[in-house]
Amino acid sequence: MADYWYFQPEFEERTLTFLSQRYEPEDTLVFTIKERDFIDSGNASSTIKNYLQKLGVKPEILRRVAIAAYEAEINVTAHTRGGKVKANIHKDFIHLMFSDKGSGIKDIEQSMSPGFSTADKVMQEMGFGAGLGLPNIKRNSDMLHIMSGENQPTCLEIIIYFGEKILPDHGRSK
Ligand SMILES: Nc1ncnc2c1ncn2[C@@H]1O[C@H](COP(=O)(O)OP(=O)(O)OP(=O)(O)O)[C@@H](O)[C@H]1O
Ligand SMILES: [Mg+2]
């Protein structure tokens, strides 16, 4: 297994603090992502986006969440035997966790470089396989963590800050 980490410098310290504590979210949404189901794929990410929109998250942030979540969801559909996404919603950020049933990423650094793709012909005919999904996720995320290996399940975590608190404090000081 190998680890890949990216931190947006502005949020690095906050993110590291969160990751060391992994405190409870305010809300959680969970979705199953089916293998090769390109008709349904995208539903989880659009439901997450709509949920955040109702909470009042700004359009610019919604756009970043939608892109990052969509690319990760499609990757589970396209490159694995299926999986799930758990969206943990905190007061001022979203923490997305995608997990799947393999077949894993042999070289994560290589898979992060724009243009690298193992997409087959069927996927290419559907318009996938430019090798831009992972770089796009990175560009839109404040934290990206990928854990994978050859023939291993992949875990991909994303954090995106809202730039403001969208949920009220409970009157407790944290
Ligand atoms: N969850 C995953 N499990 C296994 N391999 C993955 C996973 N996500 C990405 N990959 C591998 O990383 C490569 C690059 O992914 P990326 O999303 O950047 O491009 P793509 O999916 O091939 O094409 P695009 O996203 O542009 O349609 C993939 O071709 C695949 O080999
Ligand atoms: Mg992709």
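Mapping to the working numbering: the sequence shown position 96 is 960, numbers consecutive. In this text, a Cβ means the ideal position worked out from N, Cα and C, and glycines have one as well.
Can you tell me the Cβ-Cβ gap for glycine 995 and glycine 979, rounded? I've got them flagged as a contact below 8 Å.
-> 4 Å
Secondary structure at phenylalanine 962, three-state DSSP: helix, strand or coil?
-> strand
Kindly examine ligand 2 and report whether one of its heavy atoms sits closer than 8 Å to the Cβ of phenylalanine 992.
-> yes
In this structure, does DSSP put threonine 896 in helix, strand or coil?
-> strand
Could you say if the region 921 to 932 and the region 982 to 998 meet the contact criterion of at least three C-beta pairs nearer than 8 Å?
-> no
Can you name, in chain order, every residue of its own chain whose Cβ lies under 6 Å from the Cβ of methionine 858, other than the five neighbours on each side?
-> What the structure shows of the chain is the stretch from 865 to 1038, and residue 858 is not part of that stretch, so it cannot be assessed.
Measure from the alpha carbon of leucine 1031 to the alpha carbon of each residue in Gly947, Ala866, Glu935 and Ile958, then state which is nearest.
-> Ile958
C-beta contact flag for isoleucine 897 and phenylalanine 962 at 9 Å = yes
Cut-off 7 Å between Cβ atoms - residues of its own chain near lysine 970, not counting five sequence neighbours on either side | Glu1014
Check: histidine 1009 C-beta below 8 Å from any heavy atom of ligand 1 = no
Might you give, ordered along the chain, the residues of its own chain that have their beta carbon closer than 7 Å to the beta carbon of glutamine 1016, omitting 5 neighbours on each side?
-> Met865, Gly966 and Gly968
From this set, Ala983, Ser884, His1009 and Gly946, which residue's C-alpha is nearest aspartate 901's C-alpha?
-> Gly946
Euclidean distance between Cα positions of glutamate 1044 and threonine 982 | Because the chain in this structure spans residues 865 to 1038, residue 1044 falls outside the shown range and cannot be described.
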